[in-house]
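So the structure is just underneath, and the comments pick up after that.
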Amino acid sequence: MSQISESMPPKGGFSFDLCKRNQMLVNKGLKQPSFLKTGTTIVGLVFQDGVILGADTRATEGPIVADKNCEKIHYMAPNIYCCGAGTAADTEAVTDMVSSQLKLHRYHTGRESRVVTALTLLKSHLFSYQGHVSAALVLGGVDVTGPHLHTIYPHGSTDTLPFATMGSGSLAAMAVFESKYREGLTRDEGVKLVAEAICSGIFNDLGSGSNVDVCVITKGKKEYLRNYLTPNPRTYVSEKGYTFSKKTEVLHTKITPLKELVDVIEAGDAMEE
Amino acid sequence: MGDSQYSFSLTTFSPSGKLVQIEHALTAVGSGQTSLGIKAANGVVIATEKKLPSILVDETSVQKIQSLTPNIGVVYSIANLYSLCSGMGPDSRVLIRKSRKQAEQYYRLYKEPIPVTQLVRETATVMQEFTQSGGVRPFGVSLLVAGFDDKGPQLYQVDPSGSYFSWKASAMGKNVSNAKTFLEKRYTDDMELDDAVHTAILTLKEGFEGQISSKNIEIGVIGSDKIFKVLTPSEIDDYLQEVE
Chain V
1 MSQISESMPP
11 KGGFSFDLCK
21 RNQMLVNKGL
31 KQPSFLKTGT
41 TIVGLVFQDG
51 VILGADTRAT
61 EGPIVADKNC
71 EKIHYMAPNI
81 YCCGAGTAAD
91 TEAVTDMVSS
101 QLKLHRYHTG
111 RESRVVTALT
121 LLKSHLFSYQ
131 GHVSAALVLG
141 GVDVTGPHLH
151 TIYPHGSTDT
161 LPFATMGSGS
171 LAAMAVFESK
181 YREGLTRDEG
191 VKLVAEAICS
201 GIFNDLGSGS
211 NVDVCVITKG
221 KKEYLRNYLT
231 PNPRTYVSEK
241 GYTFSKKTEV
251 LHTKITPLKE
261 LVDVIEAGDA
271 MEE
Chain P
1 MGDSQYSFSL
11 TTFSPSGKLV
21 QIEHALTAVG
31 SGQTSLGIKA
41 ANGVVIATEK
51 KLPSILVDET
61 SVQKIQSLTP
71 NIGVVYSIAN
81 LYSLCSGMGP
91 DSRVLIRKSR
101 KQAEQYYRLY
111 KEPIPVTQLV
121 RETATVMQEF
131 TQSGGVRPFG
141 VSLLVAGFDD
151 KGPQLYQVDP
161 SGSYFSWKAS
171 AMGKNVSNAK
181 TFLEKRYTDD
191 MELDDAVHTA
201 ILTLKEGFEG
211 QISSKNIEIG
221 VIGSDKIFKV
231 LTPSEIDDYL
241 QEVE
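Protein chains in written order, with the UniProt record's numbering: chain V, 1 to 273; chain P, 1 to 244.
Right, dumping it as structure tokens:
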């Protein structure tokens, strides 16, 4: 209809053109580069008044800890949050995109978003990418129909559960849940249990570590407790200080400030239209 | 008149240098219900008459003032509501939908709420495209966009031609000349938001046929909290009482 094309961002995502070619190369004997598995422990549980989500804060790049304090609990809507395990870029992009779609949906309907809406948007996106978007999610929230907790797997299947864990530390966390979970937990009991489960993942799984993030969602209210527990502080600092051997002496000292203060002069009139 | 031969195709200039279809669109706007906006020192108010074609219409289902983002709101002016079937109110719905999407796309790209001028520019671009494409007609609505961002409170008017202007106070629709004269007399730069609401109500009252009440006007405000909201009928009643 419109002759003039606006400059739009490119239609994102995968094109599957190269998959056939990759398969052909593998058949010919080429070793495919291995996937980077990222470790995580993410959990969620339903308690008396709502939903509690928890996550560790370590992001790994193979054997290296890339980020000691990353945020794995993503905002979806004022009443819905989502923990993400798997490739960090995938979880962030997917939750960002669905959060945006939910916001537009809220404008058009004039209603609070429902958890099943987020669930359906996420699972249909992940399914259409046939598992190539490596995002395993724990989605939780409270809407007009009550508290909900779901897990979403990278290929697009979902489960609805009273308590759930995902990521490389999921077995450690699930062990804690299976032994201690019961229905009708209070808020404090629930938070304590979630923290315990995440700590179990942090201490027993190499892919998870650092601190515990917790998010409590109830009807009409949410509490995002960033770094609720920090069981891994940096403790050792040498009291003696550091000395260098004789061959290393200070010859010259020059201090360059990293941040330059720039004076901004008020710009002139706005562009003529 | 030579012009009439060129008045049906919107992509053809008339000999006098006008695009007659757009003139017609502006006339459609000019015969619509009065809407106005006032920019105060600490906020913006937009208001409109909400004349329903019959008492049987459920007035709670009609909302002429909508929010585009948490800090930007819009009101439109159309020909009377009977023309909903000839495609005017729906025109505004299309524009509002597109604007909301553009604001959301901007946010996803820059992680910053869209500045008011940018959103107005994008909306105006859409409206202009429909004046220079084949097989479409211009939008039959003018929009008054009120927003509050880092540059402070702002009020813009966007026309069917795609041109937009920033206003301190503006009116459009049936009673536009009286309303603008009234506003010119009463407007002051250091007006507070509450004063602006009172002035808006008085301006609407000027050309109002019948008794003004909270059921037949709509008011939207945005203050220094940067949240746009449409006033509830009871809040409008409070203001009306203060004005009496």
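Ideal Cβ positions, reconstructed from N, Cα and C, are used throughout, including at glycine.
| Item | Value |
| --- | --- |
| For residue 240 of chain P, name the three-state secondary structure that DSSP assigns. | helix |
| Tell me, please, whether the region 105–122 of chain V touches the region 70–84 of chain V by the rule of three or more beta-carbon pairs shorter than 8 Å. | yes |
| Leaving out the 5 sequence neighbours to the left and right, which residues in its chain are closer than 8 Å to residue 259 of chain V when beta-carbon positions are compared? | none |
| Residues of the region 83–112 of chain P in Cβ contact with chain V at a cutoff of 8 Å, in chain order, please. | 97, 100, 101, 104, 105, 107, 108, 109 |
| Using DSSP's beta-bridge definition, name the partner residues of residue 172 of chain P. | P/35 |
| Going along the chain, which unbroken runs of the beta strand (DSSP E) with 3 or more residues stay wholly within the region 99–179 of chain P? | 142–149, 152–158, 164–166, 169–172 |
| Check whether the Cβ of residue 104 of chain V lies closer than 7 Å to any Cβ atom in chain P. | yes |
| Following the continuous alpha helix (DSSP H) through residue 109 of chain V, name the residue where it begins and the one where it ends. | 88–109 |
| Since residue 139 of chain P contacts residue 95 of chain P with CB under 8 Å, what's their CB separation in whole angstroms? | 6 Å |
| Let's test the definition: count the other Cβ atoms within 10 Å of the Cβ of residue 149 of chain P and tell me whether it reaches 16, buried, or not, exposed. | buried |
| Give every residue of the same chain whose Cβ lies closer than 8 Å to the Cβ of residue 184 of chain V, excluding the five residues on either side of it in the sequence, and list them in chain order. | 47, 48 |
| Hey, could you find the ends of the beta strand (DSSP E) residue 194 of chain P is sitting in? | Premise fails: residue 194 of chain P lies in the alpha helix (DSSP H), 193–206, not in any beta strand (DSSP E). |
| Using 10 angstroms around the beta-carbon of residue 124 of chain P, count the other beta-carbons present and answer buried if the total reaches 16, otherwise exposed. | buried |
| How big is the Cα-Cα spacing for residue 33 of chain P and residue 224 of chain P? | 29 Å |
| Go to residue 215 of chain V, then tell me how far its alpha helix (DSSP H) extends in each direction, as first and last residue. | Run containing residue 215 of chain V: none in the alpha helix (DSSP H); it sits in the beta strand (DSSP E), 212–218. |
| What does the alpha-carbon distance come out to for the pair residue 151 of chain P and residue 72 of chain P? | 13 Å |
| Within 10 angstroms of the Cβ of residue 216 of chain P, are there 16 or more other Cβ atoms? Answer buried if so, exposed if not. | buried |
| Nearest chain P C-beta to residue 107 of chain V closer than 7 Å, yes or no? | yes |
| Give me the residue from P/27, P/28, P/42, P/21 with the minimum Cα distance to residue 191 of chain P. | P/42 |
| Check whether the region 41–61 of chain P and the region 196–209 of chain P are in contact - that is, three or more C-beta pairs closer than 8 Å. | yes |
| Against chain P, does residue 130 of chain V count as a neighbour if the rule is that its beta carbon must be under 7 Å from one of theirs? | no |
| According to DSSP, is residue 189 of chain P helix, strand or coil? | coil |
| Less than 7 Å between CB atoms is the rule here; does residue 100 of chain V satisfy it with respect to chain P? | yes |
| With a CB to CB cut of under 8 Å and the five nearest residues on each side skipped, what residues in its chain are close to residue 80 of chain P? | Note that residue 80 of chain P scores 39 on pLDDT, short of 50, meaning its location in the model is unreliable and no value can be drawn from it. |
| Could you name the residues of chain P that residue 96 of chain V contacts, counting a contact when the two beta carbons are closer than 8 Å? | 108 |
| Can you name the start and end residues of the beta strand (DSSP E) that residue 74 of chain P belongs to? | 72–77 |
| Take residue 94 of chain V and list the residues in its own chain whose beta-carbon comes closer than 8 Å to its own, dropping the five residues that flank it on each side. | 84, 122, 125, 126, 133, 135, 137 |
| Whose C-alpha, out of P/196, P/77, P/226, P/62, is nearest the C-alpha of residue 143 of chain P? | P/77 |
| Does the beta-carbon distance from residue 42 of chain V to residue 166 of chain V come in below 7 Å? | yes |
| Which residue comes first and which comes last in the alpha helix (DSSP H) that contains residue 29 of chain P? | 20–30 |
| Using three-state DSSP, classify residue 125 of chain V as helix, strand or coil. | helix |
| Report the three-state DSSP secondary structure of residue 112 of chain V (helix, strand or coil). | coil |
| What do you get for residue 197 of chain V, buried or exposed, if any count of 16 or more other CB atoms within 10 angstroms of its CB means buried? | buried |
| For residue 213 of chain P, name the three-state secondary structure that DSSP assigns. | coil |
| Hey, quick one: how far does the beta strand (DSSP E) through residue 52 of chain V stretch, first residue to last? | 50–56 |
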